[in-house]
Amino acid sequence: MSTAAIPTLTLGPRTHVLVLTGAGVSAESGVPTFRDAGGLWEGHRFEDVASPDAFRRDPLLVWRFYSRRRANMEGITPNPAHRALAALEARLGDRFLLATQNVDGLHSVAGNQRVLELHGALMMTRCSSCDRPPFEDRTVYRDGVAPMCGRCDATGKAALLRPHIVWFGEPLDGAHFEAIDRFMTAAAGDLVFLAIGTSGVVSPASWLVDDAARAGAATWLSNAEPPANAHHFAHAVMGKAGEILPTMLAA
Ligand code: BV8
């Protein structure tokens, strides 16, 4: 794994760039990462408040967890890392694709449009029962309130609404991985894979580097510290994303 001062990625006229981001990209915007909290929220392991079992067991606790995170997004804005990725997409167009594990929506706020939200979206809600489409919902529900689905209620069996988030133990949207596969095939080997600000702990997102390598990608990592899957990357640039990406992704 080659570690260097901040290099600028050299991209050819047909080079495709697939980016995976994690919580570290939003850290400099003031959004706490999962590791900063030691993987805990108010003494609960994330897997214990972000799981279907937790929601079945205690929907009020889960809604308190997500309502607090919605409230904490107040005044939060994209940082130079988000802006560098938006500028790269503006430069590359359909030769750019961003898969994010983050649910904070900051990539879209920064201007990225080619974004796959692998783990869902904090400001979206859906019914836990009927097939009503997920809808934008920025509501910060008060402690002790778990919202019900108006449509289900109409049929006499009110169902709980739930955050439109992929919880631990739930499958990710297969359409996202089909889009990533199509993108990597279109690259025809002229591909850069760049993972930024992720601990490489959570699968299947942490396996993307291997898929990219099989597709012939040059694999790059940019992180504050070596992630769990660091040895899967050919190149690494350690440091803060907001300080590295503007140079690394410069035209
Ligand atoms: C699935 C939504 C299969 C929630 C999230 C054992 C038992 C049970 C399950 C498993 C197991 N082993 C593996 C699993 C599978 C499990 C998993 O991976 N668990 C982990 C904990 C081991 N995965 C799943 O359950 C996935 N689903 O596998 O389904 C299936 C198939 C068919 C049918 C049924 C089931 C679902 C995973 C998605 C879970 N949901 N998010 C929410 O956000 O509220 S994951 C959640 O944690 C986040 O979204 C995020 O993705 C993840 C934390 O990862 P990171 O983003 O990397 O954040 P982290 O804080 O960890 O790291 C930040 C990094 O940034 C650090 O390295 C730090 O150094 C760096 N950094 C900090 N500051 C900066 C920086 N870098 C640069 N600049 C900075 N300034």
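Residue numbers for the sequence shown follow my numbering, beginning at 1 and rising by one. Backbone N, C-alpha and C fix where the C-beta goes; we use that ideal spot for every residue, glycine too.
Backbone secondary structure at residue i - three-state DSSP
i, result
"A67", "A quick correction: the sequence has Ser, not Ala, at residue 67. Three-state result, S67: helix."
"I180", "helix"
"N79", "coil"
"V49", "helix"
"L11", "coil"
"G120", "strand"
"V17", "strand"
"I165", "strand"
"C152", "helix"
C-alpha gap between residue i and residue j, whole angstroms
i, j, result
"G200", "A236", "13 angstroms"
"E47", "P13", "43 angstroms"
"P78", "G24", "12 angstroms"
"G38", "G156", "43 angstroms"
"F177", "L9", "25 angstroms"
"D153", "R70", "25 angstroms"
"H16", "L92", "8 angstroms"
"V192", "G216", "9 angstroms"
"L221", "M238", "8 angstroms"
"R83", "A158", "42 angstroms"
"A205", "L118", "8 angstroms"
"D104", "T219", "25 angstroms"
"H107", "E136", "16 angstroms"
"R214", "E28", "32 angstroms"
"D210", "R151", "43 angstroms"
"W207", "Q113", "23 angstroms"
"A54", "A251", "46 angstroms"
"A175", "D181", "10 angstroms"
"S26", "P32", "8 angstroms"
"L11", "V19", "14 angstroms"
Where residue i falls, given that 16 or more other Cβ within 10 Å makes a residue buried
i, result
"V145", "exposed"
"R95", "buried"
"W41", "buried"
"S203", "exposed"
"G169", "exposed"
"A99", "buried"
"T21", "buried"
"T185", "exposed"
"A90", "exposed"
Close beta carbons around residue i, own chain, < 7 angstroms, minus the five adjacent residues each side
i, result
"H164", "G120, A121, M124, T125, R126, P134"
Contact set for residue i: own chain, Cβ-Cβ below 8 angstroms, skip 5 residues either direction
i, result
"A179", "L97, L116"
"V166", "L118, H119, G120, L172, D173"
Other residues of its chain near residue i: CB distance less than 6 angstroms, five sequence neighbours each side excluded
i, result
"D143", "R64"
"A110", "P78, H82, R83, A86"
"A187", "H16"
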